[in-house]
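To start, the structure itself, in structure tokens.
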Amino acid sequence: MHLHLLIMSTNTPSASITDPSALLDERFRSAIEAAVPEFDPSRINTSITASRQPKFGDFQCNAAMGIAKRIGKQPREVAAAIVANLDVEGIANPITEDDIAGPGFINITLLPEALAASLESLDTPELGITPPVEPKTIVVDVCGVNLAKQMHVGHLRSTVLGDALARLNERSGHTVKRQSHVGDWGLPIAMVVEKLIELEDTGESVATITLDTLNGYYKSAQAKCKGEHIALKTIIKYGGHPKALAECELRIEEADAAMERAKSRLVALQSGDERSVAVWQRIYDITMTECLATCARLNANITDEHSAGESTYRDELAPLVDDLINRKIAEEDDSALIVRVDGIKAPCIIRKRDGGFLYATTDLAAIKRRVEKLQGDTVVYSVDSRQALHFRQVFGVAHKAGYDLKADGTPANLVHAAFGTIMGDDGKPFKSRSGGTAKLSDLLDEAVSRANASVAEKNPDMPESERAPIAEAVAIAAIKYADLSNESIKDYVFNFDRMLAFEGDTGPYLLYALVRISSIFRKANEAGIDTKEALTAPFLLNDPAEKSLALALLRYPRTLGGASDNFEPNRLCAFAYELASSFSSFFDKCPVLRNDDAESQASRLRLCELTRRVLKDALDTLGIPTVERM
RNA sequence: GCCCCGGUAGCUCAGCUGGAUAGAGCAGCGGACUUCUAAUCCGCAGGUCAAAGGUUCGAAUCCUUUCCGGGGUGCCA
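When the first sequence is numbered by the working numbering, its final residue is 1187 and no position is left out of the sequence of numbers.
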């Protein structure tokens, strides 16, 4: 009954009998109800946590202090009453007043057989993860590349974090819909289209054009339209040679003309001009082919079907704005159309003075589609923290207009999972060696080449054909773990040396733990040991290292649920590191194959296999690739 | 000006929603490889949790103020 209540009360009920703290919660709840009948049972929080230090046992109950305060009794007196009413038969060592410590902590030490039983129940295909009572549909805004532009460091976090958030929620049993909001519309794109058409007209072949070339056109087109005006201002302000001034003015004339051509090209594109659309489509294909390949290389599950370009919203913008006008939600201000949101000083501009729509307008249409068509209960945006105000505004407008209302009339949960900037060693936003924007694929190449050198150093005999895919996986794991393991809101320093040092709290360390387990099973099979048989052997957890490994394993379901519900992949990273660390200690202290005791050997083999499966599952859920050898 | 986010060991970072003596990894020092991959393990050292108040049995965590750093701020995306 109490367990049932517990499950109903959590969004993702990952706690089950697999989790000893859930069992303890049930027993302590009963004890508290009996011990302090005057206390409102619905307000009981048993506050069972894992103990930090072994001398305080495995778990502790911190409920007595809080309850004592509310009912005006001494904390230790309440703790004693709880203990007197407590039955932990079959779970933990009997608890007496001697186990009450400090202001009223109740220390709990699990019975070895209870620990083994919990491990048994973890050792299933689901690994203790139970599906949510009410599965939700979660839309994840991820990646967000722009046409005619390479992916750069800025896309790393959106892609890696967004994909991890998606995987976390999928693993928790929710329905996830990824949406990559591709910047495929607007004047900048029209500029590139115009440029390609001009090239075609002069007879140049654009059939085999690459994304690199497109990226160059994008930059030069942008520079052409913007830069010269700045140069002119500088010349006028500081005085320049008349010749320079004349040259500058000439270039401005050219740039303005180019801008005019781009604007009319945009009109042509928007009205469906055949040639413009064909060129646009080619740019789209070239960009997406390469970007999706980079996503695949990053082991991020982002494909063509997840792409939802801004262009797909273009017919929805005018009606949406009209709706806001008609319902008096939007108002004119200085010839622009704005919506005011409570609590935010800056109004959200949804239509420019010249009649054009903006980023915010498209995002409103996107929210509408994601809630109404995609039926998202939650829409989460894996986007840079610098856009926090934008999202506060857009979410506010959507709510004001009711665009966030689900079919049942309740509002969807709109979440900006903001992340910080990737910095260079100088503490400034990361740049390439040459000082420009760092191309993501170049970054990955360098990581792979470093990983390759390390693998070659550790395994001189390994053939190149085997080494290459391992180096690739190790490099990607290193980069992704470095990105995912920090709290996402914070900026972090991108440092190859630290990431690929292969020591300590890094992706390769986690992979190494898996490699050691694989190695044990390879050796076991070579020695003719029946490993299949061992996988059903009873767990014997006598060594402290075995026990702490078991306790680490049992934290998996709860940790996964917390990471998923809070959109915090770093929690799962910390878990994976602790698990790998516990395993490494176990590996050092508890010989598996060189073990005369057959029962102990079987138990340890099973413990190894369970560790392998949990660690692999956690890494899969983070989108981190794994290897068998390294 | 206003708003948002940070500040924890020499460096890079955790800290499970208020719990016991604040934890890791690098770097430093000292140990452990004829033994399941030493990309590892074990130990030592390293802290006024930016500062000051407040809330209470109890604060890195919650509240207030101040300082420092970063970001954003009506017609780019």
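For each residue, glycine too, the CB sits at the ideal point set by N, CA and C.
Rounded straight-line distance, which links the Cα of residue 716 to that of residue 849
11 Å
Based on the DSSP secondary-structure assignment, which residues constitute the bridge partners of residue 605?
Residue 605 pairs with 618.
Backbone CA spacing between residue 895 and residue 579 [nearest angstrom]:
51 Å
Taking just the CA atoms, how far does residue 714 sit from residue 664?
42 Å
Please work out which residues of its chain come closer than 6 Å, Cβ to Cβ, to residue 904, disregarding the five sequence neighbours upstream and downstream, and give them in chain order.
For residue 904, where only same-chain residues beyond five positions count, the Cβ hits under 6 Å are 895, 897.
Please state whether DSSP places residue 562 in a helix, a strand or coil.
Low confidence applies to residue 562: its pLDDT is 32, below 50, so where it sits in the model is not reliable enough to give any reading.
For residue 1148, the three-state DSSP class (helix, strand or coil)
coil
C-alpha distance - residue 584 paired with residue 649, whole-angstrom precision
11 Å
Chain-order list of residues whose beta-carbon lies under 7 Å from that of residue 518 (same chain, five-residue window excluded):
In the structure as shown, the chain starts at 558 and stops at 1187, and residue 518 therefore has no counterpart that could be examined.
Between the segment 866-877 and the segment 764-775, do at least 3 Cβ pairs fall closer than 8 Å?
no
What three-state label does DSSP hand residue 996 in the structure shown?
In this structure, residue 996 counts as strand in the three-state DSSP scheme.
In three-state DSSP terms, what is residue 817?
helix
Determine the DSSP secondary structure at residue 1115, reduced to helix, strand or coil.
helix
In whole angstroms, what separates the C-alpha of residue 736 from that of residue 877?
Each residue's alpha carbon lies about 20 Å from the other.
Which residue comes first and which comes last in the beta strand (DSSP E) that contains residue 937?
935-938
Counting only runs that start and end within the segment 696-748, where is the alpha helix (DSSP H) found for 4 or more residues in a row?
710-728
Just the C-alpha distance for residue 820 and residue 931, rounded to the nearest angstrom, thanks.
Per the coordinates, the alpha-carbon of residue 820 lies some 33 Å from the alpha-carbon of residue 931.
Status (buried if at least 16 other CB within 10 Å, exposed otherwise) for residue 847:
buried
Between the alpha carbons of residue 1177 and residue 691, how many angstroms are there, rounded?
24 Å
For a quick check, are the C-beta atoms of residue 739 and residue 862 less than 8 Å apart?
no
Residue 1179 by DSSP, collapsed to three states: which one?
The answer is helix: DSSP assigns residue 1179 an H, G or I state.
Spatial neighbours of residue 1187 within its chain, please: C-beta separation below 7 Å, excluding the five flanking residues on both sides.
1012, 1027, 1031, 1068, 1069, 1072
Give me whichever residues DSSP pairs with residue 864 in a beta bridge.
For residue 864, which the question treats as bridged, DSSP gives the partners 737.
By DSSP, does residue 871 sit in helix, in strand, or in coil?
Reduced to three states, the DSSP call for residue 871 is helix.
With a 10 Å radius around its C-beta and 16 neighbouring C-beta atoms as the bar for buried, classify residue 824 as buried or exposed.
exposed
Would you say residue 1107 and residue 1098 are within 8 Å of each other, going by their C-beta atoms?
yes
So, do the segment 644-663 and the segment 1145-1152 have three or more beta carbon pairs nearer to each other than 8 Å?
no
Assuming residue 723 contacts residue 1041 under a Cβ cut-off of 8 Å, what Cβ separation, rounded to an integer in Å, is found between them?
Their Cβ separation, rounded to whole angstroms, is 13 Å, which puts residue 723 and residue 1041 out of contact at 8 Å.
In this structure, how does DSSP classify residue 1019 when only helix, strand and coil are distinguished?
coil
Helix, strand or coil: which one does DSSP assign to residue 983?
coil
Residue closest to residue 616, alpha-carbon to alpha-carbon, out of 914, 1182, 1111, 1055
1111
C-alpha gap between residue 907 and residue 951, whole angstroms
10 Å
Residues near residue 623 in its chain [Cβ-Cβ closer than 8 Å; skip 5 each side]:
Closer than 8 Å at Cβ, skipping near neighbours: 602, 604.
Using alpha carbons as the reference points, say which of 633, 1173, 1074, 835 lies closest to residue 757.
With distances taken between Cα atoms, residue 757 lies closest to 835.
Counting C-beta neighbours from all protein chains within 10 Å, is the total for residue 966 16 or more, i.e. buried, or is it exposed?
exposed
Use the C-beta contact count for residue 703: other C-beta atoms within 10 angstroms, 16 or more gives buried, fewer gives exposed.
buried
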